[in-house]
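So the structure is just underneath, and the comments pick up after that.
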Amino acid sequence: MNTKFKTLFVIIAVSLLTACGSSNTPSGNAGAVTLTLAGYSTPAEAYAKIIPLFTAYWKAQKNQDVTFETSYAGSGAQSRAVIGGLDADVVALSLEGDVTNIAKADLIKRDWQAIAPNKGIVSTSIVAFAVRKGNPKNIHDWADLAQPGLEVLTPDPKTSGGAQWNILALYGAALRGKVTGVPANDETAATNFLVSVLKNVTALDKDARSSITNFETGNGDVAITYENEVLLGQQRGQDYEVIIPSSTIKIQTPVAVVDVVSDKHGTTEVADAFVKFLFTKDAQQIFAEYGYRSEDPDVAAATAGQFPAVTDLFTIDDVFGGWKEAKTKYFSDTGIYVQAISEAQK
Numbered sequence: 009m010n011t012k013f014k015t016l017f018v019i020i021a022v023s024l025l026t027a028c029g030s031s032n033t034p035s036g037n038a039g040a041v042t043l044t045l046a047g048y049s050t051p052a053e054a055y056a057k058i059i060p061l062f063t064a065y066w067k068a069q070k071n072q073d074v075t076f077e078t079s080y081a082g083s084g085a086q087s088r089a090v091i092g093g094l095d096a097d098v099v100a101l102s103l104e105g106d107v108t109n110i111a112k113a114d115l116i117k118r119d120w121q122a123i124a125p126n127k128g129i130v131s132t133s134i135v136a137f138a139v140r141k142g143n144p145k146n147i148h149d150w151a152d153l154a155q156p157g158l159e160v161l162t163p164d165p166k167t168s169g170g171a172q173w174n175i176l177a178l179y180g181a182a183l184r185g186k187v188t189g190v191p192a193n194d195e196t197a198a199t200n201f202l203v204s205v206l207k208n209v210t211a212l213d214k215d216a217r218s219s220i221t222n223f224e225t226g227n228g229d230v231a232i233t234y235e236n237e238v239l240l241g242q243q244r245g246q247d248y249e250v251i252i253p254s255s256t257i258k259i260q261t262p263v264a265v266v267d268v269v270s271d272k273h274g275t276t277e278v279a280d281a282f283v284k285f286l287f288t289k290d291a292q293q294i295f296a297e298y299g300y301r302s303e304d305p306d307v308a309a310a311t312a313g314q315f316p317a318v319t320d321l322f323t324i325d326d327v328f329g330g331w332k333e334a335k336t337k338y339f340s341d342t343g344i345y346v347q348a349i350s351e352a353q354k
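See below:
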């Protein structure tokens, strides 16, 4: 990226942050601090409810006021914005690899996976489908997404972490022999199936929230998305239905302190505390309220009834060897997805 466009990108990112953020530190409160949180698109409502709990907790613990500035966009876009100059103290992203890229840019110096429990994975979900009321297209599993004439929505993997989870959920199910007509462990057959589904994709929105919003306006027959996005939409009165495919991937979303930025701001102590607070039962309960599957055993047990069971649930490590290998093999310039979308769009 040349200097001119890099500068423009940073200006746009910072403008977005300012527009989405809360007010500045209150005047007359010399001890107050401001934390900047850059998150991926879908957990905005959960964080809006968790942040006031944390500010009350921190006030009680340290007698210090803390305010937040927040921005939400596609995970990849947020990662690039932070690398490009967006001064986020904390990032809550969709992909481990997006945090790793920030660390590779020397903005995270500590072992971010050691700061919080569960190696920094703060919430989980699964890839699911949103379909119209009554499921008029009879969509029940991955193979149904390849039927001729179907209109499929999924975000763009170039900007959206959710989109990458979607692709790997589809491909992983195919490799595991869980897609009708696709033999197990056959990459050629799995790739051909991926192309057949991508041919039905009518929109590649910038992030998961934009994609489900597009679906809510009446576009598409089915949206491949986070389960929590469908559940949140239903809470808001949307009458679409959620379909859980028989085989799908466990979405694991990380949170991390960008310690070079927090050190510069003098906010590392409160940033670390906020990240750790996200793993408390109170915060995990809020994530569950907004459709996330909690890793806290007590919260998971208490909320189990709201989440359908998955016949074959796999992780990125189970099938793809982790994000480092998956990024290169599927989403690099010569990756399987990039070639498949090129073939589908011919």
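Residue numbers (the numbering used here): 9 to 354.
Just so it is clear, CB atoms sit at the ideal spot from N, CA and C, and this is done for glycine as well.
Treat the numbers as computed from the prediction; the structure is a model and nothing was measured.
A direct Cα-Cα distance of roughly 8 Å separates aspartate 304 from phenylalanine 287. Isoleucine 251 and glutamine 86 have their alpha carbons spaced roughly 29 Å apart. Collapsing the DSSP output to three states places alanine 154 in a helix. Taking a C-beta distance under 9 Å as the contact criterion, threonine 167 and lysine 214 qualify as a contact pair. The residues Pro262 and Trp331, in chain order, have a CB closer than 6 Å to that of glutamate 104 in the same chain once the five nearest residues on each side in sequence are set aside. Boundaries for glycine 299: no alpha helix (DSSP H) harbours it, and the DSSP string shows neither H nor E there.
Non-local beta-carbon contacts of aspartate 267 in its own chain, meaning distances under 7 Å to residues more than five positions away in sequence, involve Ile116, Lys117, Arg118 and Thr276 in chain order.
Separation of alanine 216 and aspartate 106 (C-alpha to C-alpha, rounded to the nearest whole angstrom) is 16 Å. Restricting attention to Asp73, Glu77, Ile344 and Pro156, the CA atom closest to the CA of alanine 46 is found in Glu77. At a Cβ-Cβ threshold of 9 Å, tryptophan 150 and valine 187 count as neighbours. Between the alpha carbons of threonine 63 and glycine 185 lies a gap of roughly 48 Å. The three-state secondary structure of isoleucine 344, taken from DSSP, is helix. Distance from the Cα of aspartate 164 is smallest, within the candidate group His148, Gln121, Ala81 and Gly93, for Ala81. Residues Asp164 of the same chain have their beta carbon placed closer than 6 Å to that of leucine 212, with the five preceding and five following residues left out of the count. Secondary structure within the stretch 287-340: the alpha helix (DSSP H) runs of 4 or more consecutive residues, fully enclosed, are 289-297, 305-311, 324-328 and 331-339 (chain order). In the DSSP assignment, valine 99 falls within the unbroken beta strand (DSSP E) covering 98-100. Residue pairing for leucine 176: DSSP places it in no beta bridge. Around the beta-carbon of proline 60, fewer than 16 other beta-carbon atoms lie within 10 Å, marking it exposed. Serine 270 is positioned such that its CB atom lies closer than 9 Å to that of alanine 279. Runs of alpha helix (DSSP H) with 4 or more residues, each lying fully within the stretch 233-279, are found at 235-243 and 267-273, listed in chain order.
Following the DSSP letters along the chain, one finds alanine 52 in no beta strand (DSSP E) but inside the alpha helix (DSSP H) bounded by residues 52-70.
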